[in-house]
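J.: Okay, handing you the structure first.
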Amino acid sequence: MDRGVLHKGIFLLLIIALAGSGAGKTLFARSFVEMGYQDFTVDGPNQSACTTAKFLLPADVNAESPAAYPILSLAVDFGPVARGAADVNAFLNGEKIAQIAVKDFRCNGALCWERIALPKEKLNLLGENSIDACLETTDSVAKAVLKGESMIGLYNTADFSGGNAFAASAQKESLVIGEKTKITLSLHNRGSAAAFAEIRHARPVASDKNVFFVVEGDTHAETFVKAGETASISYIIKPRVAGKIRMPPPIVYYKNEFGEEEQQFGNVIELDIREPERKIEAFIVKQKEANTAGTKIDLLLAVKNVGRDALYDLAADLKLPAELLLLQQPEIWIPEIEPQATVYIPFSVSSGKAGKFQVNCTVTYTDANITETKCENSFVEFNEGSISPIIYIGAIMLIIGVGAYAYIMRGGEKKPGEEAAK
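The sequence shown begins at 1457 in our numbering and counts up one residue at a time.
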């Protein structure tokens, strides 16, 4: 068997095992039938009636423990169809704890279920409690039956409720175009059981790419959140236009202790984006005014932010005449310039001919509103090459050497008359 396939299979089994272990544990559960109550029916359009079920919490389970979550499960059969308008109101010890519409029930076959977390502060942990369920029918849902399968239970369960349990936050909420900010979605499990959760936004963040775009990180995660732990994802966005930006609402999906899929929304982030004060000065700094043709002149392109806002994502472009040669392409991307700061970009030019040449540049803001700033005019000069004194000395020495050699050679020759005289 291919080792990669084997590893994938093991990973899949591990995820399934983790997901299964995330289901809440039942500490106690008692159906209405087990407590001596039968089905309760409201039959006929626009009718309303209530029934009461009394119960005691078990003595052998510590209901006071923060790990024990009391949950009321209402099973209702709606007819003739389970859609339209109808309400079920629930009361715990005389205080209303829920009003549930038909659409809020999860229907599975003939039964539709709704889970209601019972507030512990309203429970009598040591004595008798009562649940009142009031069913209201309408013209569209003319019959409702509270089933004996309804139950009271104590469970270990994942709990993502509470103001800050599922929260979205921005590192900066007020920024200028091009400035980055980190978005974080954090999910805290304050319950007593683990859960496998999917964290994302209610709609894809990419759908807002005309307003901003994601430059780093993930906007979606599937993670196993243990009891008492926090899972989070972070990503960085960069706005492209000014105005108010409402991020898509964050949402988490997970399964409860009954194997039903739950979803929960987090808070919505609003960002305030404004246009920066664009004030850029660009100029050429010369370390040498002139040089000999064929040599180089080192220069600096200086880009200064004279405004009161940081500027982001600028691009510099050198404008050189055909007579000038750029010896090495400089880094022309400027990710950020703080107010009153200057960025220096080094470069070198050369020319094979003498002359005075203009060096220009432009600095471009690369956000949705493209604007340019031009450099102040600047010139470099290359002169004709002059003969070095060393060359002159070498030439003189060469002439002297040639003359000396000629003299010696002439002295060594015999004249025809001299040989005859001897």
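Built from N, CA and C at the ideal position, the CB exists for glycine as well. A quick note: this is a predicted structure, and the numbers were derived from the prediction, not measured.
1. In three-state DSSP terms, what is D1560?
2. In whole angstroms, give me the CA-to-CA distance for I1556 and N1723.
3. Are V1697 and E1654 close, meaning C-beta to C-beta below 8 Å?
4. Quick one: measure Cβ to Cβ for I1793 and A1766, integer angstroms, because I've assumed they're closer than 8 Å.
5. On the CB-based measure, 16 or more other CB atoms within 10 Å of its CB, does D1595 come out buried or exposed?
6. Please report how far the alpha carbon of E1745 lies from the alpha carbon of T1829, in whole angstroms.
7. Does DSSP put V1661 in a helix, in a strand, or in coil?
8. Determine the extent of the beta strand (DSSP E) in which D1769 is found, giving its start and end residues.
9. Under 8 Å: do the stretch 1800-1816 and the stretch 1754-1763 share three or more Cβ pairs, one atom per stretch?
10. Quick check: the Cα distance between A1515 and A1621, rounded to an integer number of angstroms?
11. With three or more C-beta pairs closer than 8 Å as the rule, is the stretch 1609-1619 touching the stretch 1634-1648?
12. Are the CB atoms of V1815 and L1770 nearer to each other than 8 Å?
13. Taking all protein chains shown into account, decide if I1692 is buried (16 or more other Cβ within 10 angstroms of its Cβ) or exposed.
14. Could you tell me which of P1777, E1584, Q1796 and S1630 sits nearest to N1405, measuring between CA atoms?
15. Since K1742 and S1806 are thought to touch, with beta carbons under 8 Å apart, how far apart are those beta carbons, to the nearest angstrom?
16. Can you tell me which residues form a DSSP beta bridge with G1535?
17. Apart from the five residues just before and just after E1779, which ones in its own chain have a Cβ nearer than 7 Å to its Cβ?
18. When the distance is taken between beta carbons, is T1686 closer than 8 Å to S1642?
19. Name the two residues that bound the continuous beta strand (DSSP E) containing I1729.
20. What residue does the beta strand (DSSP E) around S1916 start on, and which one ends it?
21. Taking the Cβ atom as the reference point for each residue, do V1949 and V1597 lie within a distance shorter than 8 Å?
22. Apart from the five residues on each side of it in sequence, which residues of its chain come closer than 7 Å, Cβ to Cβ, to A1749?
23. In this structure, does DSSP put C1506 in helix, strand or coil?
24. Determine, using beta carbons only, whether K1694 and K1636 come nearer to each other than 8 Å.
25. Could you give the distance in angstroms between the alpha-carbon of F1496 and the alpha-carbon of T1507?
26. What does a CB cutoff of less than 8 Å around N1666 pick up in its chain, not counting 5 residues either side in sequence?
27. Let's see if you can read the secondary structure: which residues bound the beta strand (DSSP E) around Q1720?
28. Going by the DSSP bridge assignment, what does P1526 pair with across the sheet?
29. Using only the alpha-carbon positions, how far apart do A1554 and A1546 sit?
30. To the nearest angstrom, how far is it from the Cα of H1644 to the Cα of C1817?
31. What span of residues does the beta strand (DSSP E) with F1714 cover, start to end?
32. Does DSSP put T1576 in a helix, a strand or coil?
33. Rounded to the nearest angstrom, what separates N1502 and F1668 at their Cα positions?
34. Between the C-alpha atoms of F1467 and F1680, what's the straight-line distance to the nearest angstrom?
35. Give me the Cα-Cα distance between S1834 and P1786, rounded to the nearest whole angstrom.
36. Do the CB positions of V1532 and K1603 come within less than 8 Å of each other?
T.: So, from the listed chains and residues:
1. Looking at D1560 - three-state DSSP - the assignment turns out to be helix.
2. So the alpha carbons of these two residues sit roughly 23 Å apart.
3. no
4. 7 Å
5. exposed
6. 24 Å
7. helix
8. L1767 to K1775
9. yes
10. 31 Å
11. A contact exists between the stretch 1634-1648 and the stretch 1609-1619.
12. no
13. exposed
14. Only positions 1457 to 1878 of the chain appear in the structure, and residue 1405 is not among them; the question remains open.
15. Not quite, the Cβ-Cβ distance comes to about 14 Å (not below 8 Å), so this is no contact.
16. K1599
17. S1807, K1809, G1811 and F1813
18. yes
19. E1726 to R1730
20. This structure cannot settle anything about residue 1916, because the visible part of the chain is limited to 1457 through 1878.
21. The structure shown does not extend to residue 1949, since the chain is modelled only from 1457 through 1878, so no value can be given for it.
22. Correct list, in chain order: S1807, G1808, K1809, A1810, F1838, N1839, E1840 and G1841.
23. strand
24. Result yes, Cβ atoms of K1694 and K1636 sit closer than 8 Å.
25. 7 Å
26. Counting only residues of its own chain and dropping the five nearest sequence neighbours on each side, N1666 has a CB closer than 8 Å to the CB of R1696 and V1697.
27. E1717 to F1721
28. L1610
29. 5 Å
30. 53 Å
31. No beta strand (DSSP E) holds F1714; DSSP gives it neither H nor E.
32. Looking at the sequence shown, residue 1576 is not Thr but Lys. Reduced to three states, the DSSP call for K1576 is helix.
33. 51 Å
34. Confidence in F1467 is poor, its pLDDT being 36 and thus under 50, which makes the residue's placement unreliable; the coordinate value appears in the next sentence. Going by the C-alpha atoms only, they are around 14 Å apart.
35. 18 Å
36. Against a cut-off of 8 Å, the Cβ pair of K1603 and V1532 comes out as a contact.
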